[in-house]
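Residue numbers (our numbering), protein chains in the order written: chain S, 39 to 151; chain Z, 14 to 126.
The next block holds one structure in the form of structure tokens; read it before the comments.
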Amino acid sequence: KNQVEQSPQSLIILEGKNCTLQCNYTVSPFSNLRWYKQDTGRGPVSLTIMTFSENTKSNGRYTATLDADTKQSSLHITASQLSDSASYICVVSDGTGANNLFFGTGTRLTVIP
Amino acid sequence: DAGVIQSPRHEVTEMGQEVTLRCKPISGHDYLFWYRQTMMRGLELLIYFNNNVPIDDSGMPEDRFSAKMPNASFSTLKIQPSEPRDSAVYFCASSRNRDYEQYFGPGTRLTVT
Chain S
39 KNQVEQSPQS LIILEGKNCT LQCNYTVSPF SNLRWYKQDT GRGPVSLTIM
89 TFSENTKSNG RYTATLDADT KQSSLHITAS QLSDSASYIC VVSDGTGANN
139 LFFGTGTRLT VIP
Chain Z
14 DAGVIQSPRH EVTEMGQEVT LRCKPISGHD YLFWYRQTMM RGLELLIYFN
64 NNVPIDDSGM PEDRFSAKMP NASFSTLKIQ PSEPRDSAVY FCASSRNRDY
114 EQYFGPGTRL TVT
């Protein structure tokens with residue numbers, strides 16, 4: 039069964055600290071993996087998209103890694119800021135159609151001063 | 014570009030009423046997606062269009078839901094009759110290509126009482 043699981047479900051960190059969010063998937067075949075950031079009351083915004091051949095991609099203080107062999111991805115946030123408080127959603131595509139996107143339920147990150 | 018535009022931003026209606034949600038995609042994007050987001054189920058793809066044609070509506074929960082895209086710049090999602098369990102945030106997203114980055118609108122928060 040194609041699934042995407044994210045951990046932790048929620049996380050609270052101090053401003054300035056680093057954190058890592060996890061995404062494990064069982065989707066097959068695999069086309070790409072996306073990380074989205076969703077601020078409260080807003081639509082998701084794409085952070086990174088990685089294909090099978092990419093094992094790391096950065097977007098500012100956000101760095102995503104992908105291990106297609108173990109079917110794991112992580113999103114590392116460096117020097118967190120209050121504005122990083124949001125939900126982070128991992129989405130995996132099997133490449134067979136736009137409808138075949140598998141969504142994680144997200145990690146809710148709260149950065150406190 | 015103003016991004017994906019959705020209206021209304023909030024909708025409160027009574028059970029049994031018809032609800033129509035509207036979306037204007039980003040100009041030049043050939044794909045349009047309708048999603049529903051709830052706390053329990055996260056993001057779910059309902060239907061998507063390519064060049065105004067519905068490609069897959071397997072995510073549409075029931076016959077009470079229908080979606081149209083009469084032209085490249087406008088789409089509607091209609092619920093008739095609405096039920097309390099339809100309460101959710103409905104997002105519209107668009108993209109240039111099936112597997113490209115999707116740009117989400119701000120969402121419509123629907124409450125059915």
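Positions of the beta carbon are idealized from the N, C-alpha and C atoms, including for glycine.
Reducing DSSP to helix, strand and coil, say where Asp105(S) ends up. strand
Three or more beta-carbon pairs under 8 angstroms between the region 21 to 30 of chain Z and the region 94 to 111 of chain S, yes or no? The region 21 to 30 of chain Z vs the region 94 to 111 of chain S: no contact.
List in chain order: all unbroken beta strand (DSSP E) runs of 3+ residues lying wholly within the region 45 to 97 of chain Z. 55 to 63, 66 to 69, 78 to 84, 87 to 92
Where Thr143(S) meets chain Z, residues with beta-carbon distance less than 7 angstroms: Gly55
Check this for me: beta carbons of Gly31(Z) and Gln93(Z), under 8 angstroms apart or not? With the sequence shown as reference, residue 31(Z) is identified as Glu, and Gly is not the correct amino acid for it. Yes, these two residues count as a Cβ contact at 8 angstroms.
Using a Cβ-Cβ distance under 8 angstroms, would Ser84(S) count as near chain Z? Between Ser84(S) and chain Z, the shortest Cβ-Cβ separation is below 8 angstroms.
Could you tell me whether the region 46 to 55 of chain S touches the region 114 to 128 of chain S, where touching means 3 or more Cβ pairs closer than 8 angstroms? yes
Among Ser79(Z), Gly72(Z), Val125(Z), the one whose alpha carbon lies nearest that of Ala101(Z): Val125(Z)
For the beta strand (DSSP E) containing Gln115(Z), name the first residue and the last one. Taken as a continuous stretch (DSSP letters only), Gln115(Z) belongs to no beta strand (DSSP E), as it is neither H nor E.
CA-to-CA distance, His42(Z) to Gln60(S), given in whole angstroms: 31 angstroms
Going along the chain, which unbroken runs of the beta strand (DSSP E) with 3 or more residues stay wholly within the region 49 to 117 of chain S? Counting only runs of 3+ residues, the beta strand (DSSP E) found wholly inside the region 49 to 117 of chain S occupies 57 to 63, 70 to 76, 83 to 89, 94 to 97, 100 to 105, 110 to 115, in chain order.
CB-CB under 6 angstroms to Ser71(Z), same chain, minus the five flanking residues each way: which ones, in chain order? Within the same chain, Ser71(Z) has no close Cβ partners at all.
Classify Ser100(Z) as helix, strand or coil using the three-state DSSP reduction. coil
Report the CB separation of Gly29(Z) from Ser95(Z) in whole angstroms; it is logged as a contact under 8 angstroms. 7 angstroms
Going by C-alpha distance, which of Gly118(Z), Arg122(Z), Tyr113(Z) is nearest Thr89(S)? Tyr113(Z)
Count the other C-beta atoms from every protein chain shown that fall within 10 angstroms of the C-beta of Ser125(S), then say buried if there are 16 or more, exposed otherwise. buried
Within the same chain, show all residues whose beta-carbon is closer than 7 angstroms to that of Gln50(Z), passing over the 5 residues directly before and after it, in chain order. So the qualifying residues of the chain are Leu56, Ala101, Val102, Phe104.
For Arg72(S) and Leu139(S), the rounded distance between their alpha carbons: 10 angstroms
Within 10 Å of its beta-carbon, does Ser48(S) have 16 or more other beta-carbons around it, so buried, or fewer, so exposed? exposed
Can you check DSSP and say which residues form a bridge with Ser37(Z)? In the sequence as displayed, the identity of residue 37(Z) is Lys instead of Ser. Partner(s): Ile18(Z).
First and last residue of the uninterrupted beta strand (DSSP E) at Glu43(S): 42 to 45
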